[in-house]
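Undergrad: Before we start, here is the structure in question, set down as structure tokens.
Chains as they are written, first to last, in the numbering used here: chain A, 467 to 757; chain B, 43 to 388.
Listed below in structure tokens is the structure:
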């Protein structure tokens, strides 16, 4: 689980060593993560706040944000439902092909998003396996939002599954079994026992899914065709804006995307901490035997 | 007949966890399912509750065939070794869960939960979460939760296994009391023979998936039906020997009468309990000479290892007071008799 409570330093008494270690980590994080963020902020505010605000209000920027948000929420919805289901099936059941399925879940991490995009084109595009179905239903997939949603779902699929599985495994089948002997049906067991027990893993998985979906570029780029105002997401806009030297708009949109993802994860951490204190406060006597 | 199992069998792959087990429990008894780990006792309990499906055989609960019923339709209370409480719910919510699942009216739920909190001595703690309770308290909440929907039978899987000795003993007595009060037919799994002997009305002894013996604690203790039961329940000396003369087994200086059904030359295993070994300074009757090899403190009794000659040894347990009064210590010569024993042909 993320956000663990602090422990005592490993090398007690070796003040010099501890300080060096902390310094190295700070420098590493600072150079690799903090400095680029600062540079981005500086670029965005290069012309002042008013210019940035005007650029962010451009109609193509707004429509790009709308599309990105819609895709991210769609991907979260699909991957939450199917991710929890997949995790539950993988942890609680044993069936032929379970290992294969388990390995397959990691595939989106292993293949490049661009490749993922091409896979969808090969499947749904002209001459693809499902091209006949596409024609018959009149439902456009490639170069249209369904394809972009599929691409986003594809690249973010592992997050919920991988965050929920260990939690599910740790809390075990027994509470679910206890609920069954108490007369609860599968639906009640899921909503009242399973889901609340995995909620931290799930929330974290959702946050990662959302953060990743907001920033997805490669797969979406390939399947979307990047039509301005129609199939252009925020990251695609950034790409085009840089090309067209709309630097303030490009930096501004990037900054908003980064802030969105970052605040999402920070807020989640704060919320989790508060809830945990409620359930197991570290007060004296909490674990005492009252015989 | 409140629980009846007929020819129950269950395998996991090639491993036979439960092998053709049949038994009946009368209404209102407190019964123990006793056996070493891996003997199939938990699997048997889980089959009765509906958490596991038998490969073969039938289960009747209160005279009704429950073999193909889902766990939630069996109205059976189940308590797990590791409590399996709902961690995100308070004590109150945990206990109320089964009543809500059965859609009882709110008033009834409030009254029942209040009653149960009193019964398990957890009043005033209903707003706590399981993580704020001790092990003993958690298990009491688990018990209250299982009892809330008024189950027809109560099943407990090693209910005190995760607790320390002192709390264990306390809860054991308390479970007995609770049972007297509620009279729900109860079957609990344990590997602790003392626990079974102390609180059960009836004991079912299981080994390698098979039912070895069933009976009252007295019957199990005094008349073990198989070598396994003799060895598993209570402490024992055992001797492998053969019938040397008609109706007699000679072993060292001892002669044991074995009955006429065993032919001369037949291999047998003899069991006798360390407290059925009588030790004295003077030759009283039917005793043999022996030398005390070691004397070890075992709480209220001392354990004496006795050399009866010819490399043959016998373990005796003698109350500490007697050991001190008679001066039994290592190196001393004494007389030894065996007052009770069991013989099993091999």
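Just so you know, even glycine gets a beta-carbon here, dropped at the ideal spot from N, CA and C. Everything numeric in this text was worked out from a predicted model, so none of it was measured.
1) Using the Cβ count rule (16 or more neighbours within 10 Å means buried), how would you classify residue 690/A?
2) Going by C-alpha distance, which of 734/A, 582/A and 529/A is nearest residue 623/A?
3) For a contact defined as C-beta to C-beta under 9 angstroms, what are the partners of residue 663/A on chain B?
4) Are there three or more Cβ pairs, one per stretch, closer than 8 angstroms when the region 659-677 of chain A is compared with the region 147-158 of chain B?
5) Just checking: is the beta-carbon of residue 368/B within a distance shorter than 9 angstroms of some beta-carbon in chain A?
6) Let's test the definition: count the other Cβ atoms within 10 Å of the Cβ of residue 81/B and tell me whether it reaches 16, buried, or not, exposed.
7) Mapping DSSP to helix, strand and coil, what is residue 293/B?
8) By the 10 Å Cβ neighbour count, where 16 or more other Cβ atoms means buried, how is residue 525/A classified, buried or exposed?
9) Under the assumption that residue 316/B contacts residue 358/B (Cβ atoms under 8 angstroms), give the Cβ distance between them as a whole number of angstroms.
10) In this structure, does DSSP put residue 57/B in helix, strand or coil?
11) Starting from the N-terminal side, write out each stretch of the beta strand (DSSP E) that is 3 residues or longer and does not extend beyond the region 159-218 of chain B.
12) So, at 7 angstroms on beta carbons, what are the nonlocal neighbours of residue 52/B in its own chain, with the 5 sequence-adjacent residues on each side left out?
13) Counting only beta-carbon atoms, is residue 648/A nearer than 9 angstroms to chain B?
14) Does the beta-carbon of residue 365/B, which I'm using as the reference point, lie nearer than 8 angstroms to any heavy atom of the ligand ADP?
15) Short check: CB of residue 531/A to CB of residue 719/A, under 9 angstroms?
16) Whole angstroms are fine: how far does the CA of residue 139/B sit from the CA of residue 91/B?
17) Please tell me whether residue 671/A and residue 628/A are closer than 9 angstroms, where the distance is taken between their beta carbons.
18) So, for residue 397/B: in the same chain, excluding its five sequence neighbours on each side, which residues have a beta-carbon less than 6 angstroms away from its beta-carbon?
19) Just the chain E side, please: which residues come within less than 7 angstroms of residue 144/B by C-beta, in chain order?
20) Consider the Cβ of residue 44/B: report whether some Cβ of chain A lies at a distance smaller than 9 angstroms.
21) Please state whether DSSP places residue 5/B in a helix, a strand or coil.
22) Once you ignore the five residues that flank residue 642/A on each side, which residues in its own chain have a CB closer than 7 angstroms to its CB?
23) Nearest-angstrom Cα distance between residue 499/A and residue 543/A?
24) Check whether the region 166-185 of chain B and the region 108-123 of chain B touch, using three or more Cβ-Cβ pairs below 8 angstroms as the test.
25) Return helix, strand or coil for residue 699/A, following the three-state DSSP convention.
26) Take residue 336/B as the anchor and find which of 313/B, 327/B, 324/B and 370/B has the nearest alpha-carbon.
27) Would the region 305-323 of chain B and the region 380-388 of chain B be scored as touching if the rule is three or more Cβ pairs under 8 angstroms?
28) What residue range does the alpha helix (DSSP H) around residue 273/B cover?
29) Using DSSP bridges, identify the partner residues of residue 32/B.
30) In chain order, which alpha helix (DSSP H) runs of at least 4 residues are fully inside the region 523-611 of chain A?
31) Spatial neighbours of residue 557/A within its chain, please: C-beta separation below 7 angstroms, excluding the five flanking residues on both sides.
32) What residues in the region 618-643 of chain A bring their beta carbon closer than 7 angstroms to a beta carbon of chain B?
33) From residue 538/A to residue 731/A, what does the alpha carbon distance come to, in whole angstroms?
34) Please classify residue 149/B: is it buried, with 16 or more other beta-carbons within 10 angstroms of its beta-carbon, or exposed?
35) If I follow the unbroken beta strand (DSSP E) through residue 655/A, where does it start and stop?
36) For residue 54/B, count neighbouring C-beta atoms within 10 Å of its own C-beta (all shown protein chains included) and say buried if the count is 16 or more, exposed if not.
TA: So, to answer that:
1) On the first chain, residue 690/A is found 224 positions in, with the first residue counted as 1. Result: buried.
2) As a working mapping, residue 623/A is identified with position 157 in the first chain. Just measuring C-alpha positions, the residue of 734/A, 582/A and 529/A sitting nearest residue 623/A is 582/A.
3) In the first chain, the residue the question calls residue 663/A occupies position 197. Under a criterion of Cβ atoms nearer than 9 angstroms, the residues of chain B adjacent to residue 663/A are, in order, 128, 129 and 130.
4) Contact fails: fewer than three Cβ-Cβ distances are below 8 angstroms.
5) Translated into positions along the second chain, residue 368/B becomes position 326. Cβ-Cβ to chain A under 9 angstroms: no for residue 368/B.
6) As a working mapping, residue 81/B is identified with position 39 in the second chain. Its Cβ being crowded by 16 or more others within 10 Å, residue 81/B is buried.
7) Against the second chain, residue 293/B aligns to sequence position 251. DSSP places residue 293/B in strand when its eight states are reduced to three.
8) Along the first chain, read from residue 1 onward, the residue named residue 525/A stands at position 59. Exposed: under 16 other Cβ atoms inside 10 Å.
9) To locate residue 316/B, count along the second chain from 1; it is residue 274. To locate residue 358/B, count along the second chain from 1; it is residue 316. At roughly 5 angstroms, the Cβ-Cβ gap stays under 8 angstroms, so residue 316/B and residue 358/B are in contact.
10) Start at 1 with the first residue of the second chain, and residue 57/B comes out as number 15. Residue state, collapsed to three classes: strand.
11) Those beta strand (DSSP E) runs which fall completely within the region 159-218 of chain B and span 3+ residues are 195-199.
12) The residue labelled residue 52/B in the question sits at position 10 within the second chain. In chain order, 59, 60, 85, 89, 94, 96 and 97 place their CB closer than 7 angstroms to the CB of residue 52/B, counting only its own chain and leaving out the 5 sequence neighbours on each side.
13) Reading the first chain from its first residue, position 182 is the one you call residue 648/A. Using beta-carbon distances, residue 648/A counts as an interface residue toward chain B, with a partner under 9 angstroms.
14) In the structure shown, the ligand ADP is absent, as is every other ligand, since no ligand is present at all.
15) Sequence index remark: in the first chain, residue 531/A carries index 65 (1-based). Sequence index remark: in the first chain, residue 719/A carries index 253 (1-based). Yes, the pair counts as a contact, with Cβ atoms nearer than the cut-off.
16) By one-based count along the second chain, residue 91/B stands at place 49. By one-based count along the second chain, residue 139/B stands at place 97. Going by the C-alpha atoms only, they are around 18 angstroms apart.
17) Start at 1 with the first residue of the first chain, and residue 671/A comes out as number 205. Start at 1 with the first residue of the first chain, and residue 628/A comes out as number 162. Going by C-beta atoms, residue 671/A is nearer than 9 angstroms to residue 628/A.
18) Here chain B has residues from 43 to 388 only, and residue 397/B is not among them.
19) The question asks about chain E, but that chain is absent: this structure's protein chains are A and B.
20) As a first step, residue 44/B is located in the second chain; it is residue number 2 there, counting from the start. Interface criterion not met: the Cβ of residue 44/B is under 9 angstroms from no Cβ in chain A.
21) The structure shown does not extend to residue 5/B, since chain B spans only 43 to 388, so no value can be given for it.
22) Within the first chain, residue 642/A is the residue found at index 176, counting from 1. Apart from the 5 residues on each side of it in sequence, residue 642/A sits with its Cβ closer than 7 angstroms to the Cβ of 655, 659 and 660 in its chain, given in chain order.
23) Along the first chain, one-based indexing puts residue 499/A at 33. Along the first chain, one-based indexing puts residue 543/A at 77. The straight-line gap separating the alpha-carbon atoms of residue 499/A and residue 543/A is approximately 30 angstroms.
24) Touching, yes.
25) Taking the first chain and counting its residues from 1, one reaches residue 699/A at position 233. Taken through DSSP and simplified to helix, strand or coil, residue 699/A comes out as coil.
26) The sequence position of residue 336/B within the second chain is 294, counting from 1. Of all alpha-carbon atoms in 313/B, 327/B, 324/B and 370/B, the one lying nearest the alpha-carbon of residue 336/B is that of 370/B.
27) The region 305-323 of chain B makes contact with the region 380-388 of chain B, as at least three CB pairs between them are under 8 angstroms.
28) Sequence index remark: in the second chain, residue 273/B carries index 231 (1-based). It spans 269-274 - the alpha helix (DSSP H) in which residue 273/B sits, taken as one unbroken run.
29) Because chain B in this structure spans residues 43 to 388, residue 32/B falls outside the shown range and cannot be described.
30) Fully contained in the region 523-611 of chain A are the following alpha helix (DSSP H) runs of length 4 or more, in chain order: 525-558, 564-571, 573-576, 579-590 and 597-603.
31) For the purposes of this step, residue 557/A is taken as residue 91 along the first chain, with counting starting at 1. Closer than 7 angstroms at Cβ, skipping near neighbours: 631, 634 and 635.
32) Correct list: 640, 641 and 643.
33) What you label residue 538/A is simply residue 72 of the first chain in a count that begins at 1. What you label residue 731/A is simply residue 265 of the first chain in a count that begins at 1. Approximately 15 angstroms, taken between the alpha carbons.
34) In the second chain, residue 149/B corresponds to position 107, counting from 1. By the 10 Å Cβ count, residue 149/B comes out exposed.
35) Numbered from its first residue, the first chain carries residue 655/A at position 189. Looking at the DSSP string, residue 655/A is not in any beta strand (DSSP E), and its letter there is neither H nor E.
36) On the second chain, position 12 is the one that residue 54/B refers to. Under this definition residue 54/B is an exposed residue.
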